[in-house]
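Report on the following structure.
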Amino acid sequence: MKFKLHYLAILFGSVLIASQSVIPVSADIGDSDNYYNVLLDDESAVRFRRSKSASVEKKSTELHFNAKNTIEDVLNYPGFKPFAKILMPNTKQSDLAVHLDELQNIMSIHHNITTDNTLESLDYLASRIENKERVFYPIYSKEDIKADPTLEDTGLYFFRGDENAPFAIILPGGYSYRSTIHEGLPIALRVSNAGFNAFVLSYRSGNLIKGSKDLITAINFVINNADKLKVRKDKYSLWGAAVGAQLIINVTQNSEKGELKGLLEEKPVANIFSYPLSYYPSENDVPTVIVVGDQDRIVNKTILKSSINNLNKMGIESKFILIPRLQHGFGVGFDPNSSVSINWIGRATSFWEDVAGLSEESSDSNEEGKEGEDDGLIM
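So in the UniProt record's numbering, spot 125 of the sequence shown is number 125, and the numbers just go up one at a time.
Structure, rendered in structure tokens:
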């Protein structure tokens with residue numbers, strides 16, 4: 001209990017910094033037009049209106065890792081060397097012997113951590129690397145990292161979708177440890193399987209401004225290198241879990257003031273938040289989805305639902321999704337491929353398509369990407 005109180009205190013401090021010039025949240029949450037319990041509405045539960053690429057990655061029959069591999073095994077995998085230290089939740093000596101089917105034991109504030117999702121994500125990265133494809137990009141130059149060694153903890157994992165399709169940047173949460181393996185990679189894999197390009201950002205934790213600058217740097221990096229990465233540079237979305245959501249909120253609401261002024265080249269067309277600690281809408285916000293488990297004991301679901309209502313009253317299309325039987329930190333949640341499960345990622349992707357007008361565009365309307373290698377990237 002003492003740990004959870006400390007966790008809340010730290011996060012509330014970040015929220016207060018980010019919540020300048022906000023619109024008060026109405027106490028009335030009776031307006032339910034843009035709120036639904038997903039068990040009562042399955043219209044889009046298994047729907048991806050974007051046509052999947054014919055070359056969608058199928059599960060490999062030869063996994064590079066198994067449930068009894070350890071964290072140390074993952075860190076020592078040769079292909080992961082450029083990003084190994086920021087891939088797993090903990091790299092301290094006492095955790096190196098933890099098996100991949102035991103991650104729940106060291107990720108105390110997260111739930112629904114499954115071995116299948118862990119292995120699937122690691123195998124994706126390993127398979128791509130063996131296929132001579134690049135899966136990780138630093139967002140700062142070597143000179144920047146030399147001047148500030150903390151920047152070494154940043155970078156983007158790339159999950160490729162259709163060529164020249166829009167991109168999403170996904171920010172895991174974690175608070176006291178990295179949750180990339182749970183709240184980042186598995187979500188990115190599903191977004192990319194829907195045809196979109198997905199990036200997972202490793203950012204500096206513990207500091208709202210530094211983390212926000214890392215996010216802006218990552219966005220600008222993808223936009224400036226869109227041709228080389230073969231992604232569409234406009235109509236992108238941001239996805240954030242817990243602390244990751246707070247960084248997105250700060251950047252979206254405050255990118256034209258203070259230390260962030262003038263840094264962001266283009267705002268997202270949609271934000272997707274998983275269980276943000278708190279959220280007070282402003283007129284600077286973009287269309288937003290908030291996804292929360294009904295068993296979450298950390299976030300205030302009433303405030304979050306009311307915030308979505310206020311966004312809609314301001315003319316900013318938004319949705320609140322409450323998922324039964326899920327607690328805080330659920331990541332992907334229950335198996336989204338199951339016929340009886342709730343595919344919140346599919347719902348969020350459909351929302352992104354709708355507000356961006358992507359579903360109305362023809363598949364050949366995007367400009368052809370330029371051929372090129374990964375060298376010469378703009379930092």
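The beta carbon of each residue, even a glycine, is placed where N, CA and C say it ideally should be.
About 13 Å separates the beta carbons of residue 172 and residue 155, which is beyond the 8 Å limit, so they are not a contact pair. The shortest C-alpha to C-alpha distance from residue 164 to any of 76, 195, 143, 265 is the one to 195. Secondary structure within the stretch 95-148: the alpha helix (DSSP H) runs of 4 or more consecutive residues, fully enclosed, are 115-130, 142-147 (chain order). Listed as beta-bridge partners of residue 288 by DSSP are 271, 318. Taking the Cβ atoms as the reference, residue 280 lies roughly 10 Å from residue 304, outside the contact range of under 8 Å. Assignment of beta-bridge partners to residue 323 by DSSP yields 293. From the listed residues 187, 210, 207, the smallest Cα separation to residue 200 is found for 187. When the beta-carbon positions are compared, residue 236 and residue 166 come within less than 8 Å of each other.
Annotated as proximal: residue 80 and residue 74, with beta-carbon spacing under 8 Å. In this structure, residue 239 lies near residue 168, with their beta-carbon atoms less than 8 Å apart. In this structure, residue 298 sits near residue 277, with a CB-CB distance shorter than 8 Å.
In the DSSP assignment, residue 202 falls within the beta strand (DSSP E) that extends over 197-202. Counting the other CB atoms within 10 Å of its CB gives residue 149 a total below 16, which places it among the exposed residues.
When the five nearest sequence neighbours on each side are left out, no beta carbon in the same chain lies closer than 7 Å to the beta carbon of residue 206.
In this structure, residue 103 places its C-beta atom within 8 Å of the C-beta atom of residue 118. Here residue 182 is near residue 331, since their CB atoms are less than 8 Å apart. Taking a contact as a CB-CB distance under 8 Å, the pair residue 215 and residue 185 does not count as one, their CB atoms being some 18 Å apart. Here residue 354 is not near residue 316, since their CB atoms are 8 Å or more apart. A Cβ-Cβ separation of about 7 Å places residue 308 in contact with residue 319 under the 8 Å criterion. In the displayed model, residue 168 falls within a strand according to three-state DSSP. Taking all protein chains in view, the Cβ of residue 250 is crowded by 16 or more other Cβ atoms within 10 Å, so the residue is classified as buried. When C-alpha distances from residue 222 are compared across 204, 111, 198, 243, the shortest belongs to 198.
For the 8 Å CB-CB criterion, residue 245 and residue 274 form a contact. By the 16-neighbour rule on beta-carbons within 10 angstroms, residue 146 is exposed.
The C-beta of residue 67 has fewer than 16 other C-beta atoms within 10 Å across all chains shown, which makes the residue exposed. Distance from residue 190 to residue 345 at the Cβ level is roughly 5 Å; contact confirmed, criterion being Cβ atoms closer than 8 Å.
By the neighbour-count definition (other C-beta atoms within 10 Å, threshold 16), residue 295 is an exposed residue. Secondary structure of residue 156 (DSSP, three-state): strand.
Only exposed fits residue 92, as fewer than 16 other CB atoms lie within 10 angstroms of its CB. For residue 242, there is no enclosing beta strand (DSSP E), since its DSSP letter is neither H nor E. The beta-carbon distance between residue 179 and residue 107, rounded to whole angstroms, is 7 Å. This is short enough to meet the 8 Å contact definition.
Check the Cα spacing between residue 289 and each of 314, 379, 321: the tightest is with 321.
Within the same chain, and ignoring the five residues on either side of residue 333 in sequence, the residues whose Cβ sits closer than 8 Å to its Cβ are 112, 293, 323, 326, 341, 342, 344.
Approximately 6 Å separates the beta-carbon atoms of residue 209 and residue 259; this is inside 8 Å, confirming the contact. In the three-state reduction of the DSSP assignment, residue 70 falls in the strand class, which pools E and B.
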